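The block underneath contains the structure these notes are about, expressed in structure tokens.
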Amino acid sequence: ASRAARLLAADGTASVVVDCESGPVRLGLAGALARDLAGTAVTLDELRADSVASLVRHVRSAA
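Residues 1 to 63, numbered by my numbering, are exactly what the sequence shown covers, in order.
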């Protein structure tokens with residue numbers, strides 16, 4: 001997955017990863033994937049309609 005993510009990033013693919021982990025044990029896989037994708041990670045708590053729209057606009061303008 002990491003290699004595929006780096007290939008997508010190298011192609012300039014804009015990416016957003018939703019971190020669905022919750023509770024006391026968190027593996028941090030979404031953050032690692034977002035880094036490999038050169039993208040952005042957001043948590044479920046941050047996921048609201050206005051924040052998603054803003055994030056998509058930001059990612060599209062950076063691409």
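Glycine included, every Cβ here is placed at the ideal spot set by N, Cα and C.
Note that the coordinates shown come from a computational prediction; the quantities given were computed from them, not determined experimentally.
#1: Can you list, in chain order, the residues of its chain with a C-beta nearer than 8 Å to that of Val59? Leave out the 5 residues immediately preceding and following it.
#2: State buried or exposed for Leu7, treating a residue as buried only when at least 16 other CB atoms are found within 10 Å of its CB.
#3: For Val30, I'd like the list of residues in its chain whose CB is within less than 8 Å of its CB, leaving aside the five on either flank, ordered along the chain.
#4: In whole angstroms, what is the alpha-carbon distance linking Gly28 and Ala5?
#5: Which residues in the same chain have their Cβ closer than 7 Å to the Cβ of Asp11, if we skip the five residues on either side of it in sequence?
In brief:
#1: In the sequence shown, counting from the first residue as 1, residue 59 sits at position 59. Closer than 8 Å at Cβ, skipping near neighbours: Ala14, Ser15, Val16, Gly39 and Thr40.
#2: Here residue 7 refers to the residue found at position 7 when the sequence shown is read from its first residue. With fewer than 16 Cβ atoms within 10 Å of its Cβ, Leu7 is classed as exposed.
#3: Here residue 30 refers to the residue found at position 30 of the sequence shown. Looking at the sequence shown, residue 30 is not Val but Ala. Once the five neighbours on either side are set aside, the close Cβ partners of Ala30 are Val17, Val18, Asp19, Cys20, Glu21 and Ala41.
#4: Counting from 1 along the sequence shown, the entry for residue 28 is found at position 28. Counting from 1 along the sequence shown, the entry for residue 5 is found at position 5. Their Cα atoms are separated by approximately 16 Å.
#5: Within the sequence shown, numbered from 1, the residue matching residue 11 stands at position 11. Taken in chain order, the list of residues that qualify is empty.
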